[in-house]
Amino acid sequence: MNIKKYIKIYSIFSYTSLASELEYKTNVIIDFVTAILSLVGSIFLLTIFFQNTDNIGGWKFEQALIIQGIYTILNGITNTWFNPNLTEIVKHIREGTLDFVLLKPIDSQFFISLKKIAPSGFLEIILGFALLFYCIGINQININIEFLLLSLTTLLCSIVILYSLWFLISTTTIWFVKTWNATEVLRSFLYIGRFPLNSFSFSLRIFFSIFVPIAFITTIPSEVFLGTAQLWEILLELIVSGIFFIVSRRFWLFALKYYTSASS
Amino acid sequence: MFNLNKNKLITLLKVQYSNMLEYRVEIALWAISGIIPFFMLNIWTNNNLNESINLSNVMLSRYFLSAFFVRQFSVVWVVFTFEEDALLGKISPYLIQPLNPFFRYFAQHIAEQITRLPFAIIIALIFFILNPESIWIPSLGIFLLSCVSTFFSFLIQFLIQSIIACMCFWTEKASSIERLLFIPTLFLSGLLAPVVSFPEYIKSWIYITPFPYLIDFPANLLSGNNTNIMSGFAMQLLWIAALFPIFTRIWSLGTKKYTAMGS
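Here the protein sequences line up with chains A and B, keeping their order. Note that the numbering used here gives residue 80 to position 80 of the first sequence, counting from 1, and the numbers run on in steps of one. Position in the second sequence counted from 1, then plus 264, gives you the numbering used here.
In structure tokens form, the structure reads like this:
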């Protein structure tokens, strides 16, 4: 692994894909408006929930906003990196162009995961952080180094888990060829990440902690942000993200053995 | 103008149905990805949020199950197919045929809904096994009426999306407009929360927009919740009548503008 080389390649990737995305400028602007409306819509839904109650699942409105903020950041990251790249795997496999990727003298997972970048998610990331800053104010959170460090670490862990989930599902394409819709299923499950895990019934809570680890993706980082997280939760988050990342890497290498190329 | 007869329609449907059956796994996954209403139901009942809107748990669960069904049979994706066809120049041969290409897309949607039906029924059965108290059998009249209103909801969305799709003639990429329009559809149609629960300042104007008639009205009808049947149907028909001429106009303008791409 030559890190310098990879950084250089990545900057070239970003440059070319940004250039091609900005060909469609109105598209980018419309996507920005969509991002704003989507956040407004989610907050609107929250206000409906809080119309006649002051907490859902033990979370007050001001605290639930933190989850929205973290969800928005993660959604922005998904739209910027995961979605444009990992839906491309399907195309690579169906048309046999994965051959060209495998022949290149760089890591295939790196190429496939970071080739493209879509600027439409940037605004969501900014909006999410803005909402989090607002939440620091209304929840009177004390900022210190430990808080910043822990919040950033858990947020990073959620990004890793999210990436691994997307990548795991996209990898199954090697066997099933068309799993484009499987990512849609994942998307609809992730939608639940907008709400605190405790607002669901016990059985769904189990489901969303084990099978689709939404608990680790939004709830634990939000708890860390609020300062209510237990130490074991943070450790578990670290372990789970590590396991997810290693499994997704191993699974990719394993799946490549079954890749038979298209046509010819 | 549209040059459609019964034979053409049946042939189109047959072809598209066998085409869709090829992709039944995909369609099953689509059906699963529509289960968000059930998660919403879980939030509503688990936090007793429905007490304030005078809906019992049972009625609310029927509402969300109906919302799931209505959504399953009114999903429209014509803009995405059309955009791809327009970008790759595939609509040129379609335009030569003596049949408006939108009938092809329309048949695709209907065929996909037929393929979807068994999966939707399986999901409903699982729901009933988990929530046996919410089982209900609507009267035949109500059932037929809600089928019609679901079809109208589908038509409204199909027309809106076709209008957006026609913008491909000018901008090449129109799907971002659809994604923009999907946001109000998601939050205001009643898929995530019934429209009765909306605050007054929204309720005062929302019934003029098409949104509540996409999910909320058919779902209320099917689940036996309170709804005004006459005005619901009237508004649905009004919106169809308003959108249809816009579509035909933009279509005729767009085809004049079209410059065949590729080849």
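Using N, Cα and C, we set each Cβ at its ideal position, and we do this for glycine too.
Can you list, in chain order, the residues of its chain whose CB lies under 6 Å from that of residue i, leaving out five sequence neighbours each side?
i, result
"Phe216 (chain A)", "Ile161, Glu237 and Val240"
"Phe392 (chain B)", "Ile399"
"Ala182 (chain A)", "Ile169"
"Ile66 (chain A)", "Cys135, Ser222 and Phe225"
"Leu273 (chain B)", "none"
"Gln372 (chain B)", "Gln280"
"Phe245 (chain A)", "Val160 and Ser164"
"Phe418 (chain B)", "Ser338"
For the alpha helix (DSSP H) containing residue i, name the first residue and the last one.
i, result
"Glu146 (chain A)", "Ile145 to Thr171"
"Arg194 (chain A)", "Careful: Arg194 (chain A) lies outside any alpha helix (DSSP H) and carries neither H nor E."
"Asn242 (chain A)", "Note that residue 242 (chain A) is Gly in the sequence shown, not Asn. Its alpha helix (DSSP H) spans residues Leu231 to Leu256."
"Gly128 (chain A)", "Phe122 to Ile138"
"Ala498 (chain B)", "Ile493 to Lys521"
"Ser453 (chain B)", "No alpha helix (DSSP H) contains Ser453 (chain B), which DSSP labels as neither H nor E."
"Gln109 (chain A)", "Ser108 to Leu114"
"Thr34 (chain A)", "Lys25 to Phe49"
"Ile470 (chain B)", "Glu464 to Ile470"
"Ile406 (chain B)", "Leu404 to Cys430"
"Leu485 (chain B)", "Asp480 to Ser487"
"Phe475 (chain B)", "Where Phe475 (chain B) is concerned, there is no enclosing alpha helix (DSSP H), given that its DSSP letter is neither H nor E."
"Val287 (chain A)", "Beyond the ends of chain A as shown, which are 1 and 264, falls residue 287 (chain A); an answer cannot be given."
Does the Cβ of residue i have 16 or more other Cβ atoms within 10 Å, making it buried, or fewer, making it exposed?
i, result
"Leu98 (chain A)", "buried"
"Arg513 (chain B)", "exposed"
"Ala118 (chain A)", "buried"
"Ala505 (chain B)", "exposed"
"Leu394 (chain B)", "exposed"
"Arg326 (chain B)", "buried"
"Trp59 (chain A)", "buried"
"Leu305 (chain B)", "buried"
"Glu442 (chain B)", "buried"
"Asp54 (chain A)", "exposed"
"Ser11 (chain A)", "exposed"
"Val90 (chain A)", "buried"
"Trp175 (chain A)", "exposed"
"Ile29 (chain A)", "exposed"
"Gly496 (chain B)", "buried"
"Ile374 (chain B)", "buried"
"Gly137 (chain A)", "exposed"
Per DSSP, what kind of secondary structure is residue i in: helix, strand or coil?
i, result
"Ile307 (chain B)", "helix"
"Gln361 (chain B)", "coil"
"Thr97 (chain A)", "coil"
"Met284 (chain B)", "helix"
"Val90 (chain A)", "helix"
"Ala438 (chain B)", "coil"
"Gly353 (chain B)", "coil"
"Pro119 (chain A)", "helix"
"Lys104 (chain A)", "coil"
"Leu313 (chain B)", "helix"
"Ser320 (chain B)", "coil"
"Phe211 (chain A)", "coil"
"Ile401 (chain B)", "coil"
"Asn79 (chain A)", "helix"
"Gly69 (chain A)", "helix"
"Asn142 (chain A)", "coil"
"Leu293 (chain B)", "helix"
"Val342 (chain B)", "helix"
"Thr16 (chain A)", "helix"
"Tyr259 (chain A)", "coil"
"Ile299 (chain B)", "coil"
"Ser389 (chain B)", "Checking the sequence, you will find Leu at residue 389 (chain B) rather than Ser. Helix, per DSSP."
"Leu186 (chain A)", "helix"
"Leu22 (chain A)", "coil"
"Asn269 (chain B)", "coil"
"Phe337 (chain B)", "coil"
"Ser461 (chain B)", "helix"
"Asn85 (chain A)", "helix"
Since residue i sits in a beta bridge, which residues does DSSP pair it with?
i, result
"Trp59 (chain A)", "A:Ile56"
Is the Cβ of residue i closer than 8 Å to any Cβ of chain C?
i, result
"Glu184 (chain A)", "Structure shown: chain C not included; protein chains present are A and B."
Given residue i, which residues of its chain have a CB within under 8 Å of its CB, disregarding the five upstream and five downstream residues?
i, result
"Phe200 (chain A)", "Gly57, Ile192 and Phe208"
"Ile427 (chain B)", "Leu507, Ile510, Phe511 and Ile514"
"Ile291 (chain B)", "Met284, Glu376, Thr379, Arg380 and Phe383"
Beta-carbon within less than 7 Å of residue i's beta-carbon, same chain only, minus the 5 sequence neighbours each way: which residues are those?
i, result
"Asp480 (chain B)", "Ser453, Gly454, Pro458 and Val459"
"Asn79 (chain A)", "Ala118, Ser120, Gly121 and Glu124"
"Ile77 (chain A)", "Gly121, Ile125 and Ile159"
"Pro448 (chain B)", "Phe475"
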